[in-house]
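Each residue of the sequence shown is one higher than the last, beginning at 1 in UniProt numbering. Only one structure is covered here, and it is reproduced in the block below.
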Amino acid sequence: MRLVSTKHIKPGATLGQTIYNDNGMILLQKEMCLSENILQRLIDQGITYVYIEDDETKDINVEPAISEKLRKEATESVREIFSEIKSDDLLSNSFILDKEEKGLMAIVNRLMEEINHHEESISLLADIFLTDDYIFQHSLNVTIYSLAIGSALNLSKKELSELGTGAILHDIGKAFIDPVVLQKPNKLTDEEFALMKEHTTIGFDLLRKQSSVSSVVAHCAYQHHERLDGSGYPRGLVGDEIHKYAKIIGVADVFDAVTSNRIYRDAMLPHEGLEILYAGAVSLFDKQMVEAFKKSVAVYPNGLTVLLSDGRIGVVIKQNKNLCDRPYIRVIKDKNKQMITPYELDLAKELNITITACNVE
1 MRLVSTKHIK PGATLGQTIY NDNGMILLQK EMCLSENILQ RLIDQGITYV
51 YIEDDETKDI NVEPAISEKL RKEATESVRE IFSEIKSDDL LSNSFILDKE
101 EKGLMAIVNR LMEEINHHEE SISLLADIFL TDDYIFQHSL NVTIYSLAIG
151 SALNLSKKEL SELGTGAILH DIGKAFIDPV VLQKPNKLTD EEFALMKEHT
201 TIGFDLLRKQ SSVSSVVAHC AYQHHERLDG SGYPRGLVGD EIHKYAKIIG
251 VADVFDAVTS NRIYRDAMLP HEGLEILYAG AVSLFDKQMV EAFKKSVAVY
301 PNGLTVLLSD GRIGVVIKQN KNLCDRPYIR VIKDKNKQMI TPYELDLAKE
351 LNITITACNV E
């Protein structure tokens, strides 16, 4: 399969990966022929990249980071928690999360297990959804990325469990933000942004009242928008005043936000999202955590067409574990952009060759 921008796909191409809605229902089946109308619908829905079948890359394997069954169950669990909390009185001494604790912990533990058994670096581009409520998929994606970072940092099982719970609930305060503001397709006004920022404090106040929720989990909701240099919110904390879980979730949150499909802007590719993290390393994000993230995530996903520094063009076919910016490449065009008999190149060994551009023809 090949990963291609929906704006560059020609009608008649064959879809390589099934596309779901956020309830896990199939909307477009794998192997469906993509008509002009279907392609336009994908673009209109904010789907920036999809996998298509391709003779040169039909043997390239793209595995989801977690199983379809677990993703559906986890998303539904987050949806139910948000829905129940939203229908409850925010000011009451609510114990909704107390009764949901076992199910939530089971979800986090299963996510940890599947991530640890995933043979390649994590890529969520294989999981394509048409969603009316971004927040549920975002909460799950941030949890997956956070657990991957935590594992790379050698956190204990107990720490990973706390981190995962904090990540899956980090945006719980958004249940009480006006949907008009939450889903606004263009830039927020100063007043709307001030309202949006309140989700951190609302989430903290809610979580700290739950007898089954630890203080560090509540602080994940409170601090995930804090930044090392004090430029974050709600308290402008600096450096080690920010809990390490919140620092990890902050990295995962930004990466997923910029690499997710949204109707009002194109998703960035993973290497572009990583560049944003590196640009903020030291001043905004903990550099050690950004490095751990880089080890865990497929910066150049399988199926992506890339331009090499010597002018050759190839397709990413496999990842080098812990060397996510140095994948295996199937070279398909020479320096003159002429088709050739494909051959394999391992960028972990060819250190003088780098990837200089993506999604090239």
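Using N, Cα and C, we set each Cβ at its ideal position, and we do this for glycine too.
- Distance from the Cα of Asn320 is smallest, within the candidate group Met339, Gly232, Gly311 and Lys295, for Lys295.
- When only Cα atoms are considered, His271 and Tyr300 end up about 6 angstroms apart.
- The DSSP-derived three-state label of Pro342 is strand.
- For Asn141, no beta strand (DSSP E) run applies; the uninterrupted alpha helix (DSSP H) run containing it begins and ends at Tyr134 to Ala152, by DSSP.
- For a cut-off of 8 angstroms, the C-beta gap from Val142 to Ala167 is around 5 angstroms, short enough to register as a contact.
- Taking the Cα positions, Leu70 is about 22 angstroms away from Tyr51.
- Within its own chain, the residues whose Cβ lies closer than 6 angstroms to the Cβ of Ala357, once the five positions on either side in sequence are excluded, are Leu307, listed in chain order.
- In the three-state reduction of the DSSP assignment, Ser161 falls in the helix class, which pools H, G and I.
- By a beta-carbon distance limit of 8 angstroms, Gly16 contacts Glu53. Their separation comes to about 5 angstroms.
- Look at Ile168 here: in three-state DSSP terms it is helix.
- Counting the other CB atoms within 10 Å of its CB gives Tyr343 a total below 16, which places it among the exposed residues.
- For Ala218, there is no enclosing beta strand (DSSP E); the residue is found in the alpha helix (DSSP H) stretching over Ser215 to Gln223.
- When secondary structure is reduced to three states using DSSP, Tyr300 falls in the coil class, being assigned neither helix nor strand.
- Within the same chain, Cβ atoms closer than 7 angstroms to the Cβ of Asp334 are found at Arg312 and Ile340, the five residues on either side in sequence being excluded.
- Among the bridge pairs identified by DSSP, Leu15 is matched with Ile52.
- Taking a C-beta distance under 8 angstroms as the contact criterion, Met289 and Lys247 qualify as a contact pair.
- In the structure shown, the three-state DSSP call for Tyr20 is strand.
- Within the same chain, and ignoring the five residues on either side of Leu27 in sequence, the residues whose Cβ sits closer than 7 angstroms to its Cβ are Ile19, Tyr20, Asn21 and Leu130.
- Residue range Ile26 to Leu28 is occupied by the beta strand (DSSP E) that includes Ile26.
- Counting the other Cβ atoms within 10 Å of the Cβ of Gly239 gives fewer than 16, which makes it exposed.
- If you draw a straight line from the Cα of Met1 to the Cα of His118, it is about 19 angstroms long.
- Secondary-structure assignment with DSSP links Tyr233 through no beta bridge to anything.
- Residue state for Ser5 is assigned as strand, using DSSP reduced to three classes.
- Our two residues, Asn61 and Gly303, have alpha carbons roughly 8 angstroms apart in a direct line.
- Boundaries of the alpha helix (DSSP H) harbouring Lys244: Lys244 to Thr259, taken from the DSSP string.
- With distances taken between CA atoms, Val216 lies nearest to Lys244 out of Thr189, Gly230, Thr201 and Lys244.
- DSSP, read as helix, strand or coil, puts Lys333 in strand.
- Per the C-alpha coordinates, the member of Val316, Ile107, Gln210 and Ile115 positioned closest to Thr165 is Ile107.
- In the three-state scheme derived from DSSP, where H, G and I count as helix and E and B as strand, Ile353 is classed as coil.
- Between Ile144 and Ile115, the CB-CB gap stays under 8 angstroms.
- Sequence-distant partners of Asp266 (beyond 5 residues in either direction) whose C-beta falls short of 6 angstroms from its own C-beta, in its chain, are Thr48.
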